[in-house]
Amino acid sequence: MRQGLRAPGPPGAAKPRGSRAARGSVRQMSHEPSAGWLEGREHVLPVRIYYEDTDFTGVVYHANYLRYFERGRSDFLRVCGIGHQALLELPEPAAFAVTHMAIDFKRAARIDDALHVRTTYDAVKGPRLFVSQRILRGQDLIAQASVEAACIGLDGRARRPPPGLVERLKPLFAAP
């Protein structure tokens with residue numbers, strides 16, 4: 001294997017002498033997976049398409065878009081400091097269940113495509129959260145979804161979202 005193609009060693013491993021990493025010219029990378037970032041009131045999550053995401057024709061299998069949309073919603077909350085595990089550890093544990101989802105597929109995504117899942121939390125009404133999502137490749141719209149999720153307790157019954165969650169998300173909701 002050529003030196004330029006050698007996989008990096010584990011964190012803290014010695015770098016080969018004379019390599020760019022040894023000379024300090026390679027940027028230090030985080031070992032944490034990216035949860036994306038906020039642009040205004042919209043969350044952006046990068047997604048790379050791998051062979052495992054595609055069907056026999058080489059395009060992304062339609063059910064995988066559900067996974068990308070789920071990651072977008074979950075990582076939006078994570079970036080806002082609201083992790084799913086933390087919701088389960090509250091005095092009154094809470095979770096979210098998707099109750100309605102409508103998806104429009106516009107274009108095909110293919111292996112190696114770099115996509116962005118863009119998520120906007122639009123409103124909260126009682127136990128329900130309303131979310132708009134888009135998946136883009138550059139400026140091209142690949143798929144879009146409207147999602148309704150209900151906040152539920154561990155008993156599976158609908159309940160209002162925890163007050164701290166609503167307060168953190170309120171500045172990011174669409175104007176009424």
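Reminder that position 67 of the sequence shown reads as 67 in UniProt numbering, one-by-one numbering, no gaps.
Where a beta carbon is used, it is the ideal one built from N, C-alpha and C, also for glycine.
Item, Value
"Residue 260 versus Leu165 - alpha carbon distance", "With the chain represented from 1 up to 176, any question about residue 260 goes unanswered, as that position is not in the structure."
"Neighbour-count burial assignment, Gln133, 16 or more Cβ in a 10 Å radius", "buried"
"Complete runs of the beta strand (DSSP E) confined to the region 52-131 [at least 3 residues]", "95-105, 114-125"
"Counted within 10 angstroms of its Cβ, other Cβ atoms place Pro161 as buried (16 or more) or exposed", "buried"
"Per-residue burial, Ala158 [other beta carbons within 10 Å of its own, 16 or more giving buried]", "exposed"
"Residues that Ala35 bridges to, as DSSP identifies them", "Answer is none; Ala35 lacks a bridge partner."
"N-terminal and C-terminal residue of the beta strand (DSSP E) that Arg160 is part of", "Looking at the DSSP string, Arg160 is not in any beta strand (DSSP E), and its letter there is neither H nor E."
"C-alpha distance - Gly58 paired with Tyr51, whole-angstrom precision", "8 Å"
"Ile142 versus Gly40, Pro33, Phe69, Gly36, residue with shortest Cα-Cα distance", "Phe69"
"Cβ shell of Leu154 (< 6 Å), same chain only, five flanking positions each side left out", "Pro93"
"Assigned exposure category for Ala150 - 16 Cβ within 10 Å defines buried", "buried"
"Assigned exposure category for Leu87 - 16 Cβ within 10 Å defines buried", "buried"
"Secondary structure of Arg137, DSSP reduced to three states", "strand"
"Residue environment, Arg48, which counts as buried when at least 16 other CB atoms sit within 10 Å", "exposed"
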